[in-house]
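Following: one structure in structure tokens, then a few remarks.
Numbering (this note's numbering), first residue to last: 305 to 789.
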């Protein structure tokens, strides 16, 4: 594709166009729709990251829900999350579709091409990427400074799941085998949660944490599950047994790093318990444990401890959600402690479930900030003020608008600015046809515009431009085209 030089010099794009692990395995527009819904739910605070992952995997494996009560069958959701999911308009719209889309059984191909232009003081950097998925086949070609190719082939049949090429596995609760967080930023307990077991999954490439290259095989029976993954640089295996409780043993070796671990999980009434511990040749003993206690649909309490013996690192996380049983007012709290001088506390709330306003407050021993947030159909806005680490007054702002939802053409704008030396705040901003977490600027501003056009038949395209004079990349522009017959 040829771009006129004068046009290229004027159009600029984005702070978040590069693909993230959260979006790595998403290619069809249908998958984007599911991903957007659960990501927005995480952003709004009523769905945990593990819950978002559970919903996403459930629909991938089972297809569109046949009834709204199917949410109760999703393993990993609390009763509060389940109730909120069944009440959401999007979930009920999926029930009306009732159309399965198993990724490994899907016969129709999907393809997209992305081009990005980054404008820096040192010069212009261009990159191009093409992705194809057809049934269990995934492949990716990326051209920037050099040519990179990757992909995988996967399938499943009668309890067997296999992957050849780039893949990830969900074994060992994240302590023994490498595993990335599927939904990005840990706003609350987040990344410290003991993660649910997942079958091997094929990837387009392996350029992020938790990705492996080689082959993986898993067999799931009524009580026992076994799996192995192997490549030129790694080998790993796991065995899991389930009766009243679930027990697992796993091991992994890559280079000089060797890990051996055990994990346990159980559910008693309305309490979920998870425990994982591992020995590593580089970090010594590691431990991660969590519990979640839900009382009806009105409140949830969750606690996590994570630490190691050799390095003496400790981390305590607690998270709670309370919702008024009548008007749906919401208050969420997170406390995270890593040491005497390394801790933070966050609160956020909503007056009632139909309110467009939210409030938040967060602080450490060095800083304190408070925020007010607007979420109204096409408009999102946030404003934080407080004191930063140096004791100076600081602020951060974020505004975003999107129009044409549900139509063939959608477009929007976003802007962020800030001043101060503090951690965060973080917001989700548009990244082509997805959304990514981004930290507000500590100085200066960023702005961007985007547009998506759905074709009359199978094709669609998205373009995005952003400029941020205070950042390393002053301008960035990208364009993506999708095709789904």
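Where is the CB? At the ideal position from N, CA and C, for every residue including glycine.
Here the C-alpha atom of residue 337 lies approximately 23 Å from the C-alpha atom of residue 420. Counting the other Cβ atoms within 10 Å of the Cβ of residue 561 gives fewer than 16, which makes it exposed. Around the Cβ of residue 621, a 10 Å sphere holds 16 or more other Cβ atoms; the residue is buried. Counting along the chain, no alpha helix (DSSP H) covers residue 378, and no H or E run does either. Look at the beta carbons and you see the stretch 465-479 touching the stretch 498-513: at least three pairs across the two are nearer than 8 Å. Looking at the DSSP output, residue 441 sits in a beta bridge with 438, 457. With respect to the C-alpha of residue 372, the residue from 354, 343, 392 having the closest C-alpha is 392.
By the Cβ neighbour-count rule, residue 379 is exposed, with fewer than 16 other Cβ atoms within 10 Å of its own. In terms of CA proximity to residue 727, 744 leads the group 635, 538, 744, 721.
When DSSP states are grouped into helix, strand and coil, residue 541 belongs to the strand group. Bounds of the alpha helix (DSSP H) holding residue 365 are 353-366.
The C-beta of residue 428 has fewer than 16 other C-beta atoms within 10 Å across all chains shown, which makes the residue exposed. With respect to the 7 Å criterion, residue 711 and residue 683 are not classified as neighbours on the basis of their beta carbons. DSSP places residue 743 in the uninterrupted beta strand (DSSP E) bounded by 738-743. A straight-line Cα-Cα distance of about 16 Å links residue 376 and residue 394. For residue 660, the three-state secondary structure derived from DSSP is coil. Leaving aside the five residues that flank residue 663 on each side, the residues in its chain whose CB is nearer than 6 Å to its CB run, in chain order, 653, 676.
Residue nearest to residue 730 within the set 772, 370, 687 is 687 (criterion: CA-CA distance). A straight-line Cα-Cα distance of about 45 Å links residue 445 and residue 635. In the three-state reduction of the DSSP assignment, residue 559 falls in the coil class. Residue state for residue 391 is assigned as helix, using DSSP reduced to three classes. Cβ-Cβ distances below 8 Å link residue 430 to 419, 420, 421, 422, 448 in the same chain, with the five nearest sequence neighbours on each side left out; the list follows chain order. Within 10 angstroms of the beta-carbon of residue 527 lie fewer than 16 other beta-carbons, which makes it exposed. For residue 519 against residue 575, the beta-carbon gap comes to about 38 Å, at or over 8 Å, which does not count as contact. Under the three-state reduction of DSSP output, residue 716 falls in the strand class. Distance check between residue 596 and each of 587, 610, 578 places 578 closest, using alpha-carbon atoms only.
Secondary structure at residue 722: strand, using DSSP grouped into helix, strand and coil.
Residue pairing of residue 516 in beta bridges, as defined by DSSP: 471. According to DSSP, residue pairing for residue 413 in a beta bridge involves 438.
The alpha carbon of residue 453 has as its nearest neighbour, out of 462, 442, 604, the alpha carbon of 442. Its chain contains 692, 693, 694, 746 as the residues whose beta carbon lies nearer than 7 Å to that of residue 725, once the 5 sequence neighbours on both sides are disregarded; these appear in chain order. The stretch 617-662 is shown to contain whole beta strand (DSSP E) runs of 3 or more residues at 618-627, 634-643, 646-654, in chain order. For residue 701, the pairing in a beta bridge is given by DSSP as 687, 721. When secondary structure is reduced to three states using DSSP, residue 549 falls in the coil class, being assigned neither helix nor strand. Straight through space, the alpha carbons of residue 559 and residue 633 are spaced by roughly 51 Å.
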